[in-house]
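The sequence shown begins at 1 in UniProt numbering and counts up by one. Every residue, glycine too, gets a C-beta built ideally from N, C-alpha and C. In this text the structure is predicted, and so the values were computed from the model without any measurement. Since the structure comes first, as structure tokens, the remarks are kept for the end.
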Amino acid sequence: MRELGIKVEDADLRQELCDLGCDVAGDRVKINSDLLDKVIANAKKHNRFTLTSRTGKKVEMNPETVVSHSSNAIPDIIDLETGQCRRTNQDDVIATTRLMNQLDEMDMPCALVYPNDVPPEINQLKQAELLIRYSTKPIYACASEPDTARYLVELFDVFAGTDDKDMIGLVGISPESPLKFPKTITDAMKIIISAGIPVAMLSAPLGGLSGPLSIAGGLAQVNAELLAFAAISYLYNPETPLLYGPRLFYANMKTGCSILGLPETGIASAVGAQMASYYGFISDLYGMCCTSCAFDAQSGYEKAINCLLPFLLPGLSYVSGFGGLASLMVASYEQLVIDNEIYANVRKAAKGFAVDEDAFGFDVLAGAIKGGMILAHPHTIKYLKKGEVFIPKLGFDSVWSDWVKKGKKDIQAVARERAIELLKKDEQELEPLPADLDKEITKIIDQATAELVK
């Protein structure tokens, strides 16, 4: 940042950064170390906050707690009824959100799919509206231009009208790579950050195409873009919490297509988590990514590896990837359910276990030597109830003959049945918005549509 600088389109913003001691040459700004020191010190003061859904569910965000969220704005989906891949629509946003209500490992939903039946001018806003209407959990919205940001603030204000109320969610915003901050992005940043809505700073270069192919080079670029984002945010509102969101991906260099299932995705996320921890930010990482287009062994090992790697090093706060296949180009109801199980496995593997006098189970062995039954021993029952050994909720956990008796179902078939079951359950449990809030939200969306859709 001190040698190459960042491209800033907004002349007024360049001047503000210059006034803070940054060097400006044309449209490039070189961030000085004094400003960065202030930004980093400030980040450590604002890395703990609570998000509260419209139904009262809370998610605590801090460097010590790991929470999860889904993928976002995927354009195609595998139809739950036909099994065919098709374009997504508003009904899919609603149904996948309702399914995520029922997934116990899913803390916060994004709009998993892109509603292709909504005009692009209000698409991100519509995604947020549907999340608010149908999610029982705090939400993760996105903004890539100022008009969306302006109306998002209005939607969030419906649920955070006073200073002592938690936000209903956060907003993700991405600069462009390499090292570019278009005016549309900085204007959106200014609106969201000035409102005090927590922001996930998302840097997503594609190694070999919009960033260095080397892992170290890509991570250095990500770090520069995120710290520059934080410096600009500091100008707008130093009180707004920021999440450090490294999204370093790689392409198939023979075709140019992004392939997210590579182990480098997990490696970059793991190192990115450490970098976030070093600076004092909450991290927001991609975990369960896969290149595979099927419910097969490849999707399983790609997602498991890329999710597990960030858990093995310190700094992980927030992990994403639920619900996506084919490098996040295809979504799936079944995959949401499968990813819930993968995530549960990974969390259990990373949790560790107790090593103390009670855990060694001396009394169990002593009793067995004297003819006692280990199965019925209080120690066995105690550790079974406390979850010492993982018990699958979806995966098969018996023997071949039982699998045959149950119809030889593969994981997709089991997940499909579970998805249908959970959707029916949510239909019975989900309460609609109160009439006054429904009216306010409808008014905001109607105003946005009238103003923005040409």
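DSSP beta-bridge partners of residue i
i, result
"H69", "M108"
"F181", "V8"
"A200", "G172 and L243"
"M85", "According to the sequence shown, residue 85 is Cys rather than Met. Bridge partners of C85: I78."
"S258", "A251"
"L206", "F249"
"K439", "Answer is none; K439 lacks a bridge partner."
"V113", "I74"
"M61", "F49"
"C142", "G172"
"A211", "For the sequence presented, residue 211 should be read as Gly rather than Ala. Note: G211 sits in a beta bridge opposite G207."
"M167", "L51"
Proximal residues to residue i (C-beta, below 6 Å), its chain only, five neighbours per side dropped
i, result
"P263", "I305"
"R127", "According to the sequence shown, residue 127 is Gln rather than Arg. So the qualifying residues of the chain are A111."
"G208", "A251 and M253"
"N62", "R48"
"L226", "M201, S203 and Y244"
"R28", "G5 and K7"
"V39", "A230, A231 and Y234"
"S135", "T97 and P109"
"D284", "A200, L243, G245 and Y318"
"G266", "I305, N306 and L309"
"A276", "Y244, S283 and G315"
Residue burial classification, residue i (beta-carbon count within 10 angstroms, cutoff 16)
i, result
"D438", "exposed"
"V8", "buried"
"S320", "buried"
"Q428", "exposed"
"D12", "exposed"
"Y278", "exposed"
"G272", "buried"
"M373", "exposed"
"T442", "exposed"
"C18", "exposed"
"P432", "exposed"
"T255", "exposed"
"L328", "buried"
"R2", "exposed"
"S71", "buried"
"S68", "buried"
"K137", "buried"
"residue 455", "Residue 455 lies beyond the range of the chain shown here (1 to 454); nothing can be said about it."
"V222", "buried"
"A368", "exposed"
"I391", "exposed"
"K454", "exposed"
Cβ of residue i within 8 Å of any chain D Cβ
i, result
"G207", "Among the chains in the structure shown there is no chain D, since it carries only a single protein chain."
Proximal residues to residue i (C-beta, below 7 Å), its chain only, five neighbours per side dropped
i, result
"G196", "N237, E239 and T240"
"M167", "L51, F156, A160, I197 and P198"
"C257", "A251"
"G361", "H379"
"I444", "Y151, E154 and L155"
"F396", "W403"
"residue 485", "Any question about residue 485 goes unanswered here, given that the chain covers just 1 to 454."
Same chain only: Cβ atoms within 8 Å of residue i, ignoring 5 sequence neighbours per side
i, result
"T65", "S317"
"A435", "none"
"L422", "L99, Q102, L103 and V337"
"L312", "A270 and A350"
"E388", "F353"
"S214", "G207"
"D147", "E121, A448, E451 and L452"
"D117", "N89 and Q90"
"residue 478", "The question about residue 478 has no answer here: the residues shown for the chain are numbered 1 through 454."
Residue i beta carbon near the ligand SAH (any heavy atom closer than 7 Å)
i, result
"R2", "The ligand SAH is not part of the structure shown, which contains no ligands of any sort."
Mind the definition here: the segment 122-134 touches the segment 17-25 only if three or more C-beta pairs lie below 8 Å; say whether that holds.
Here the segment 122-134 does not lie against the segment 17-25, with fewer than 3 beta-carbon pairs under 8 Å apart.
Within the segment 262-336, ranges of the beta strand (DSSP E) (whole runs, at least 3 residues):
Listed in chain order, the complete beta strand (DSSP E) runs (minimum 3 residues) inside the segment 262-336 are 318-322 and 330-332.
Can we say the segment 166-185 touches the segment 138-148, given the rule of at least three CB pairs closer than 8 Å?
yes
Three-pair Cβ contact test at 8 Å for the segment 385-402 versus the segment 78-90
The segment 385-402 is not in contact with the segment 78-90.
Considering only residues of the segment 23-47, which uninterrupted alpha helix (DSSP H) runs meet the minimum length of 4 residues and lie entirely inside it, listed in chain order?
Runs of the alpha helix (DSSP H) inside the segment 23-47: 33-43.
Is there contact here, the segment 375-384 with the segment 294-301, by at least three beta-carbon pairs under 8 Å?
no
At which residue ranges does the segment 350-396 contain complete alpha helix (DSSP H) runs of 4 or more residues, listed in the order of the chain?
The DSSP assignment places complete alpha helix (DSSP H) segments of no fewer than 4 residues inside the segment 350-396 at 362-369 and 378-385, in order along the chain.
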